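Below is one structure, written out as structure tokens, with a few remarks after it.
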Amino acid sequence: MLQFNMKNAAQFVSQQEMDNLRAQMKLAQLQTLEKNGPGNDFLGWVDLPVDYDKEEFNRIKNAATRIQEHSGLLVVVGIGGSYLGARAVIELLSHHFNDYLPGNKRKFPRIVFAGNNISGAYLADLMDVLDEYSVSLNVISKSGTTTEPAIAFRILRNYMEDRYGKEAAKDRIFCTTDRNKGALKHLADQEGYETFVIPDDIGGRYSVLTAVGLLPIAVAGISIDDLMAGAAQGRERFANTSFTDNDAAQYAAARTCLMRKGYEIEILVNYEPAFHYMTEWWKQLQGESEGKDNRGLFPAGVDFSTDLHSMGQYIQAGRRILFETVVSFEDAGRTVEIPKDEANLDGLNFLAGMGMDEVNQKAMQGTVLAHVDGGVPNLAINLSERTAFSCGELIYFFEIACAFAGYLNAINPFDQPGVEAYKNNMYSLLGKPGYEEEGKKLQARIDATK
Ligand code: PA5
């Protein structure tokens, strides 16, 4: 069960300040639940945990089983919202070293990601390993024309057809895309690939609980039933409950209060390395949703205690524009006991007999107090366990808190107009038909700075 608390932010945000947001929060909740705010055609995720396509859900499970049976490696092609959620859940819940386990201990296929960059070196290296495995491919793109996945898919589809032949490749290529339209849907229909749907009313960064995330997650052996059940509990707890009893609304309000008094950066902190990509997913959720109209918190992330040895100094004593949101697990799943050492050269025998999880817990508690003393407000999200159910609840918590915070800040949390600027420049510089004139102007600017 997820619990939010802000006791370590009490000296920075008073109860009165929180209470003062009550009326605005009520409006933000209404805009989200009654779907009458900006971006209201992208609110399909609100009821998704209980209102999803059960026939497709079963088809996802069947496809995942087939992939598990005939493939040792699944390549997931997608970028942004079409990849981060799957990677986040898979890394949070899988064995940390799944890919290095010997065959008799590894229960599920290795999963690798492509089409999330334009690095030729990355894709060339990936191509080097494909021959070693039986391969399946899941390409995920709502538009079907996003440059990064489209380039990777071109190359990987050729590989699959050369290796398996056009007919057999069809059983190994799965497309997740728009229900009716777009280049990928068109190609999938033409070639006979199995397709899964990205609903019209769910944007990329809110799509992890659709086929976008569910197919790769199921292939990784994670229970998508439990994931959805956790999200359904999240909806029950965080959608319709009143401000005081609603942890997501409280979190959204606390970060809004902090932002309005000059804290510009929210750092999502974890103490479990498996959480790293959840932070990447959260960064996209918050960054694309809030960073517009010259406003919004800058979402950052650190993995502790690793990053206490790199970013810890700045957080403790740098510019006081930061606050932290610490995600912790009461039970992270496994631990290792610290042994006694006769020589005790490292002086750590006082830890002998303790689990590493206990040390990790104390590191967290000590760090929170040090950072609060250093002027860094701390918000806390506590999860009882690192399971698919908890993960589903956390996903829903973050999604709805992001919507509430966006409406509190009077922006449209569901568009991303700023993403187009780099694409237009890239197309112009690459000489895409129709972009030639702009390309010449940009090239002149580049030449002038050489
Ligand atoms: O959140 C978003 O909308 C983006 O990150 C998209 O998911 C990303 O650009 C990929 O788009 P598409 O699925 O159309 O390839």
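For the sequence shown, my numbering gives the first residue as 216, with consecutive numbering after it. Glycine included, C-beta positions come from ideal geometry on N, C-alpha and C. Computed from a predicted model, the values in this text were never measured in an experiment.
Contact check, residue i vs residue j, beta carbons under 8 angstroms
i, j, result
"Ser543", "Asn461", "no"
"Thr247", "Tyr611", "no"
"Gly296", "Asn331", "no"
"Gly533", "Ile482", "no"
"Ile305", "Ala426", "no"
"Ala469", "His311", "no"
"Tyr492", "Arg321", "no"
"Ile417", "Gly259", "yes"
"Phe513", "Tyr486", "no"
"Phe227", "Pro592", "yes"
"Gly445", "Ala603", "yes"
"Ala398", "Gly428", "no"
"Arg450", "Ser504", "no"
"Ala329", "Leu341", "yes"
"Gly254", "Phe629", "yes"
"Met216", "Leu594", "no"
"Pro324", "Ile282", "yes"
"Ile326", "Pro431", "yes"
"Asp546", "Glu600", "yes"
"Ile275", "Phe411", "yes"
"Leu299", "Glu495", "yes"
"Thr471", "Asn624", "yes"
"Ala690", "Tyr466", "Absent from the model: residue 690. The displayed extent of the chain is 216 to 665, so no value can be given."
"Ile480", "Leu537", "yes"
"Ala464", "Gln244", "yes"
N- and C-terminal bounds of the alpha helix (DSSP H) containing residue i
i, result
"Ala468", "462-475"
"Ala447", "439-453"
"Leu584", "571-588"
"Ala595", "Taken as a continuous stretch (DSSP letters only), Ala595 belongs to no alpha helix (DSSP H), being part of the beta strand (DSSP E) at 593-600."
"Asp662", "651-663"
"Phe612", "603-623"
"Glu635", "635-644"
Collapsed DSSP secondary structure at residue i in the structure displayed
i, result
"Glu409", "strand"
"Ala558", "coil"
"Ile432", "helix"
"Val423", "coil"
"Asn220", "strand"
"Phe389", "strand"
"Glu479", "coil"
"Val265", "coil"
"Phe272", "helix"
"Asp415", "coil"
"Phe565", "helix"
"Thr459", "helix"
"Asp546", "strand"
Endpoints, beta strand (DSSP E) assigned at residue i
i, result
"Val551", "Run containing Val551: none; DSSP gives neither H nor E here."
"Leu288", "288-292"
8 angstroms Cβ cutoff, residue i in contact with chain D
i, result
"Pro324", "The structure shown contains no chain D, having only a single protein chain."
_Start-end ranges of the alpha helix (DSSP H) lying completely within the segment 296-380, minimum 4 residues_ = Counting only unbroken stretches of 4 or more residues, the alpha helix (DSSP H) elements lying wholly within the segment 296-380 are 299-308, 335-345, 362-379, in sequence order.
*Length at least 3, wholly inside the segment 482-532: the beta strand (DSSP E) runs in chain order*: Inside the segment 482-532, DSSP marks whole beta strand (DSSP E) runs of 3 or more residues at positions 513-518, from first to last along the chain.
*Just list the beta strand (DSSP E) runs in the segment 225-259, keeping only unbroken ones of 3 residues or longer that don't cross its boundaries, in chain order.*
Runs of the beta strand (DSSP E) lying entirely within the segment 225-259, each at least 3 residues long, are absent.
_Quick test of the definition: if touching needs 3 or more C-beta pairs under 8 angstroms, does the segment 635-649 touch the segment 523-533?_
Result no; under three Cβ-Cβ pairs closer than 8 angstroms.
*Would you say the segment 379-397 touches the segment 569-578, given that touching needs at least three Cβ pairs under 8 angstroms?*
Touching, no.
*Evaluate contact between the segment 553-568 and the segment 256-271, counting only Cβ atoms and requiring at least three cross-stretch pairs below 8 angstroms.*
Contact annotation: the segment 553-568 does not touch the segment 256-271, with fewer than three C-beta pairs closer than 8 angstroms.
*asked:* I want to know whether the segment 389-406 touches the segment 235-252 - three or more CB-CB distances under 8 angstroms.
replied: Output reads no: the segment 235-252 does not touch the segment 389-406.
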